[in-house]
Amino acid sequence: MMHPSRQAYVEEAEEDRGISLDEIPIDRDYDMPSASAGIAPEKASAILGQFERKRMAANIAVPTDDGRVRAKLRELGEPITLFGEGPGDRRDRLRGLLLNIQTGQGTGEAGDVAMEDAPDEDQADQEEEFYTNGSPELLRARQEIARFSLPRAKQRLAFQKQEATIPLRTHVKFRKQIKERLQGFELQGSQTAGDRHVSMTRISPNGQLVAAGNFGGSIKLIEIPSLEEKMTLRGHNNKVSGISWFPGATLPESNVSPDSVNMASGGAEGHINLWSLTQDTPLSTLEGHGQRVCRVEFHPSGRHLASASEDTTWRLWDVETTTELLLQEGHSRGVFAVSYNSDGSLLASGGLDSIGRIWDLRSGRTVMILDGHLDGHIKPIHGIDWGSDGHRVLTGSADGWIKCWDVRKVQRTGGIGAHSSAVSDLRWYKGLDDPIFGNAPGMDEKGNQLPKKSGTFFVSSGIDRKVNIFSADDWTLTQSLEGHTGPVASVDISRDGKWIVSGGHDRTVKLWGRNDGEGV
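In numbering that gives the first Met the number 0, the protein residues as written are 0 to 519.
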């Protein structure tokens, strides 16, 4: 008779021959198990194999055009389509076939033919860059971005050198005070924003309005802190999934006219609308994406707009001429989020393929891939945002984690299990105290310079119905705001740090702040 422990080992090995990434727990870091940890060697090997295949698959470029995908499948001798298979499924099947060929698992005549056509190593490296043919307009845009970003980078670095002279004890005391003030945030108001789920909330630069988009396609401008509805914008016929305010809009010192472009929005129908604050219909509509536009983001200069879409591309638009400058591939699934760094030289994109990428807008090159082999996300990335320091970027994922990546070190430098389920949105506090955003930090009572507040904390929203505030210094939870009765879809924080606004599937927009009306 087999010993009971040996019998259990055999049964476990039999059950675990097929490993699914969905079965891997998401409440901790993913240190790879080994047999010494009490886990069968077969299971440890299978998990490692899954991660390795995922990494290799992410580096295989396949066509985004469904016609080209079908042609490639026909060339490989595979069925052009399977029962119930859509374009996305077809691309995934092609990627799997190409992966099998690259790893020597391709069999049969079709595999032999495909191997002859497989690109050599140099070609693969070139395809990894995802270069596209550029127009003269794109060249001029890249030159403008370089001229705009270089002085800002110089200014930012000079300020950071100055801040480095502040004593460590001053930094520690200052950050502790910020944490204490954040712990005083609580619900200050709630307003129903229509009869459909609220999908996106973004606060205006002056902190006096919040734009709230919903599943019905409308955007409501709601006053802060009264939460009184001021205007309803109608232009989308499906879910509003991206909103961005024009840099300097609503700020008196910026001279941005209410009649000009003040805001952009993206919808599930694939359109991007540009809005003023004086009419309830779009000033213009940008068309080009083939599927849902998930996020939109203005360049810090205001001259360009980036859009992320489920058609697996992000695009760059000229705001003044409303023309498309760049169609950028690079993700194997839909692109869900985009964000510019404070200088305007880099753009980060996060995809449903669980991969993030950092792009140099001046050259078009990918300068960093946010997967880190075993350090990356194992589920789609839903949120991405840069810190004001210009070199750190946060990613939030359906795996419940928020991770921080440092472009200078080209590696992950921090992270936290932020929510018990998917992270839906995140925003890093940019603040008013950074010279790039208009003001320098203050002085203490002795006339000594204080550290800046920007970059010290960030907020996130989750499907677990919570809005969380985290310290960016030690990756700890500072405050958890509860009040939504359904999943929270979006969150934002005002530039003065007074207000946090969230919107969710309970159809409400909620305002969070301190009872004394002061921010951080």
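Backbone N, C-alpha and C fix where the C-beta goes; we use that ideal spot for every residue, glycine too.
Only a predicted model underlies this, so the values are computations on that prediction, with no experimental measurement involved.
Residue(s) in a DSSP beta bridge with E296: A305
According to DSSP, residues forming a beta bridge with G212: M199 and I218
Nearest-angstrom Cα separation, counted from S489 out to I221: 15 Å
Three CB pairs or more closer than 8 Å across the segment 64-83 and the segment 320-328: Touching, no.
Cβ shell of G301 (< 6 Å), same chain only, five flanking positions each side left out: Excluding residues within five positions, the ones whose Cβ falls inside 6 Å are F245 and P246.
K153 - containing alpha helix (DSSP H), residue span: Per DSSP, K153 is one residue of the alpha helix (DSSP H) stretching across P135 to E162.
Presumed contact (8 Å Cβ cut-off) between Q159 and D388, rounded CB distance: 7 Å
DSSP state of H330 mapped onto helix, strand, coil: coil
Proximity below 8 Å, CB of R494 to CB of G241: no
Assigned secondary structure, I23 (DSSP; H/G/I helix, E/B strand, else coil): Per-residue confidence for I23 stands at a pLDDT of 45, beneath the threshold of 50, marking its modelled position as unreliable; no derived number is given.
Endpoints, the beta strand (DSSP E) within which I492 is located: Start and end: V487 to I492.
According to DSSP, residues forming a beta bridge with D317: Partner(s): H303 and T322.
Best match in V392, L425 and A70 for proximity to R411 [C-alpha to C-alpha]: V392
Endpoints, the alpha helix (DSSP H) within which G87 is located: P86 to Q101
Extent of the continuous beta strand (DSSP E) to which L510 belongs: It spans T507 to G512 - the beta strand (DSSP E) in which L510 sits, taken as one unbroken run.
Per-residue burial, S479 [other beta carbons within 10 Å of its own, 16 or more giving buried]: exposed
Distance between G333 and S453 (C-alpha atoms, nearest Å): 31 Å
Residues that F456 bridges to, as DSSP identifies them: S470
Contact between the segment 84-103 and the segment 273-281 (3+ Cβ pairs under 8 Å): no
Selection from T507, G343 and L75 that minimises the alpha carbon distance to G188: T507
Bounding residues of the alpha helix (DSSP H) (the contiguous stretch that carries G66): D65 to E74
Sufficient close CB pairs (3 or more, under 8 Å) joining the segment 249-260 to the segment 285-294: no
In DSSP terms, what A336 is bridged to: G349
Closest Cα partner of L151 within the set D424, G343, L360 and E143: As written in the sequence, residue 151 is Arg, which differs from the Leu given in the question. Nearest of D424, G343, L360 and E143 to R151, Cα basis: G343.
Classification of N272 by the beta-carbon crowding that lies within 10 angstroms, buried from 16 upward: buried
CB-CB length for I380 against G350, believed under 8 Å: 6 Å
Under the three-state DSSP convention, the category I435 falls into: Its pLDDT being 49, under 50, I435 is placed unreliably by the model, and the measurement read from it follows with that caveat. In this structure, I435 counts as helix in the three-state DSSP scheme.
P78 and K71 closer than 8 Å at C-beta: no
Among T475, G485, V466 and P486, nearest to W498 - alpha-carbon criterion: V466
Candidates K451, L137, S459 and R89, of which the one nearest L360 by Cα: L137
Bridge partner(s) assigned by DSSP for Q410: The beta-bridge partner set that DSSP reports for Q410 consists of D405.
Within 8 Å, strictly: CB atoms of G395 and S306: no
Range covered by the alpha helix (DSSP H) that runs through R174: Looking at the DSSP string, the run of the alpha helix (DSSP H) that includes R174 is L167 to L181.
Secondary structure of A263, DSSP reduced to three states: strand
Burial state of K402, where buried means 16 or more other Cβ atoms lie within 10 Å: buried
Residues near S134 by beta carbon distance below 8 Å, same chain, minus five either side: L324
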